[in-house]
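K.L.:
Have a look at the structure that comes next, please.
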Amino acid sequence: MKTDHLIRALAADDKRAAPLARFLYVALAAAFLLAAILFAIRLGPRDDIAAVALDPRFLFKFVVTLLLAATALALALRLARPGAETGYSWLVLAAAPALLAFGVLVELAAMPAASWGTRLVGTNWLYCLTYVPLLSLPLLAAALIGLRHGAPTRPALAGAVAGLLAGGLGAALYAAHCTDDSPLFVATWYTIAIGGVTILGSLIGRKVLRW
Amino acid sequence: MRNKPVMHDELSVGTRVREREAEWTGLMRRAIGGDASAYERLLKALAPGLRAAARRGLTRAGKSDADAEDVVQETLLAIHLKRHTWDAAAPLGPWVRAIARNKLIDALRRRGRRIEIPVDDFADILPDTTEQPSGIVGDVARNLGELPDRQRNVVQAIAVEGVSITETAARLSVSEGAVRVALHRGLAAIAIKLRESEP
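Top line first, the protein sequences correspond to chains A and B.
Following the working numbering, the numbering of the first sequence begins with 1 at its first residue and continues without gaps.
Following the working numbering, the numbering of the second sequence begins with 1001 at its first residue and continues without gaps.
Dropping the structure here:
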């Protein structure tokens, strides 16, 4: 086929794809609903949620995980647009880890050293390592589907950012169940769990985000 | 290899490139708004620069530039199928260059060479060249043959014979909507086959 012929066919094709951001939001919203149902069936909110609803440590878990998800979402939308990635937009990803590091420092300053160990190990770390990735899986699928609708020029990287996004949202859900509220616990186990989702996202992204 | 025009100094070349980019950005905005003729003009205007960049990239990687037209067609298909990823508030140039670079890397990878292409190679994707498209091109034509009948017939009629959608619908005794769907699916299928093909 001659290139001019191909162009003629392309110009005649007036089927529109859904806008990138809207497509990603819809996919994520559907997956979040699914993850929330999974959460309700398997875990449910912790029993004393009414009592701790305003506890700073409890709320801090949501701030950190949702901040991670929001920054990853912003970056994912850039990575899905060819030519849109720029160096500085990476810096937003540092916001959640920086905030968490600050929380850890405050915790270390406020609490006696003797309690650090129990605070770090917590009571539910195996649950955390199991359910954060599990709740993240539908969200990871949605994020990857959303990115596939885009055109990421760096598939492995885009997949990793999809993993951070899914891991952040999955961890925020899990945080409502989890009774370990110390930033020491969050910095250790949440990080490992989200890190696993990130690696998985990168590995899958490498395969499925080509276009 | 093409040289920069010696008659122009850097400033005027830069100005010309900027003006053309602005014009193409405007054409793309109209195309997104539904202006098919602006879209066709845009794709035709982009092709020579894409061709020059593809030839340069293939040659530099030690590959024959005979495949350049395949890379051009893959790039045009990607521009078309991914045009919703262009931010209409942004200039078109960086978006087109990123897609062209990506498709060239893909093509080289498929030809058994992992290579980093400097972004600079696409810096002058925009200046015009006078070179004309070569004749029949391999990959797209070959993949066209592998499409399901309906899609192949529709793409064939509209692309090669230049028949309108209405006329194609009448000729194949199907609705115009069915022709539009078959055209879109056919083009998307060709893009997938190209990506997965092993020459």
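Where a beta carbon is used, it is the ideal one built from N, C-alpha and C, also for glycine.
#1: So A1141 (chain B) contacts chain A; which residues on that side make the cut at Cβ distance below 7 angstroms?
#2: For the alpha helix (DSSP H) that contains Y174 (chain A), what are its first and last residues?
#3: Anything in chain A within Cβ reach of L1238 (chain B), meaning under 8 angstroms, just list it in chain order.
#4: When you compare each of A:A70, A:L59 and A:A11 to A143 (chain A) by their alpha carbons, which one comes out closest?
#5: So the alpha helix (DSSP H) Y190 (chain A) belongs to, where does it begin and stop?
#6: What does the alpha-carbon distance come out to for the pair N1102 (chain B) and W1095 (chain B)?
#7: Rounded to whole angstroms, what's the CA-CA distance from A1078 (chain B) to D1070 (chain B)? Just pull it up for me.
#8: Can you give the beta carbon distance from I1165 (chain B) to A9 (chain A), rounded, assuming they're within the 8 angstroms contact cut?
#9: For a cutoff of 7 angstroms on Cβ pairs, would you count N1102 (chain B) as touching chain A?
#10: For Y131 (chain A), report the span of its alpha helix (DSSP H) as first-last.
#11: Name the residue from B:E1146, B:E1167 and B:L1092 whose alpha carbon lies nearest to the alpha carbon of T1025 (chain B).
#12: I want to know whether the segment 133 to 142 of chain A touches the segment 72 to 81 of chain A - three or more CB-CB distances under 8 angstroms.
#13: Please work out which residues of its chain come closer than 7 angstroms, Cβ to Cβ, to V212 (chain A), disregarding the five sequence neighbours upstream and downstream, and give them in chain order.
#14: Using a Cβ distance threshold of 8 angstroms, determine whether the segment 101 to 110 of chain A contacts the segment 166 to 181 of chain A, with at least three qualifying pairs required.
#15: Looking at chain A, is there any beta carbon in it that lies within less than 7 angstroms of the beta carbon of V1155 (chain B)?
#16: Between the segment 1146 to 1172 of chain B and chain A, which residues of the former have a C-beta closer than 7 angstroms to a C-beta of the latter?
#17: Note down the Cα distance separating L1043 (chain B) from A1188 (chain B), rounded to an integer number of angstroms.
#18: Could you run through the segment 1018 to 1032 of chain B and flag, in chain order, every residue whose CB is less than 7 angstroms away from some CB of chain A?
#19: Alpha carbon to alpha carbon, how far is H177 (chain A) from L43 (chain A)?
#20: Pick out whichever of B:V1155, B:G1112 and B:A1169 has its Cα sitting closest to the Cα of I1190 (chain B).
#21: Give me the chain B residues within the contact set of T153 (chain A), using Cβ-Cβ distance strictly less than 7 angstroms, ordered along the chain.
P.N.:
This is what the structure gives:
#1: Here residue 1141 (chain B) refers to the residue found at position 141 of the second sequence. Ordered by position in chain A, the residues that pass the 7 angstroms Cβ test against A1141 (chain B) are M1.
#2: In the first sequence, counting from the first residue as 1, residue 174 (chain A) sits at position 174. Residues P155 to A175.
#3: Outside the displayed range of chain B (1001 to 1199) lies residue 1238 (chain B), so it cannot be described from this structure.
#4: To locate residue 143 (chain A), count along the first sequence from 1; it is residue 143. Of the listed residues, the one whose Cα sits closest to A143 (chain A) is A:A70.
#5: Working through the first sequence from its first residue, we reach residue 190 (chain A) at position 190. Looking at the DSSP string, Y190 (chain A) is not in any alpha helix (DSSP H), and its letter there is neither H nor E.
#6: As a working note, residue 1102 (chain B) is residue 102 in the second sequence. As a working note, residue 1095 (chain B) is residue 95 in the second sequence. Between the C-alpha atoms of N1102 (chain B) and W1095 (chain B) there is a straight-line separation of about 11 angstroms.
#7: Walking along the second sequence from the start, residue 1078 (chain B) turns up at place 78. Walking along the second sequence from the start, residue 1070 (chain B) turns up at place 70. Just so you know, the alpha carbons of A1078 (chain B) and D1070 (chain B) end up roughly 12 angstroms apart.
#8: In the second sequence, the residue the question calls residue 1165 (chain B) occupies position 165. In the first sequence, the residue the question calls residue 9 (chain A) occupies position 9. Wrong, their Cβ atoms sit about 11 angstroms apart, outside the cutoff.
#9: In the second sequence, the residue the question calls residue 1102 (chain B) occupies position 102. Closer than 7 angstroms: yes.
#10: Counted from its first residue, the first sequence places residue 131 (chain A) at position 131. DSSP places Y131 (chain A) in the uninterrupted alpha helix (DSSP H) bounded by W125 to H149.
#11: What you label residue 1025 (chain B) is simply residue 25 of the second sequence in a count that begins at 1. Of B:E1146, B:E1167 and B:L1092, the smallest CA-CA separation from T1025 (chain B) is found for B:L1092.
#12: The segment 133 to 142 of chain A vs the segment 72 to 81 of chain A: no contact.
#13: Residue 212 (chain A) lies beyond the residue range present for chain A, which begins at 1 and ends at 211; the question has no answer from this structure.
#14: Too few Cβ pairs lie closer than 8 angstroms, so no.
#15: Along the second sequence, read from residue 1 onward, the residue named residue 1155 (chain B) stands at position 155. Closer than 7 angstroms to some Cβ of chain A, the Cβ of V1155 (chain B) qualifies, so yes.
#16: The segment 1146 to 1172 of chain B vs chain A, Cβ under 7 angstroms: V1155, I1158, A1159, V1160, G1162 and I1165.
#17: As a first step, residue 1043 (chain B) is located in the second sequence; it is residue number 43 there, counting from the start. As a first step, residue 1188 (chain B) is located in the second sequence; it is residue number 188 there, counting from the start. Going from the Cα of L1043 (chain B) to the Cα of A1188 (chain B) covers about 17 angstroms.
#18: Correct list: empty, as no residue qualifies.
#19: Counting from 1 along the first sequence, the entry for residue 177 (chain A) is found at position 177. Counting from 1 along the first sequence, the entry for residue 43 (chain A) is found at position 43. CA-to-CA, the gap between H177 (chain A) and L43 (chain A) works out to about 6 angstroms.
#20: By 1-based counting over the second sequence, the position of residue 1190 (chain B) is 190. When the alpha-carbon of I1190 (chain B) is set against those of B:V1155, B:G1112 and B:A1169, the nearest one is in B:V1155.
#21: Residue mapping note: residue 153 (chain A) aligns to position 153 of the first sequence, counting from 1. Correct list: A1098 and N1102.
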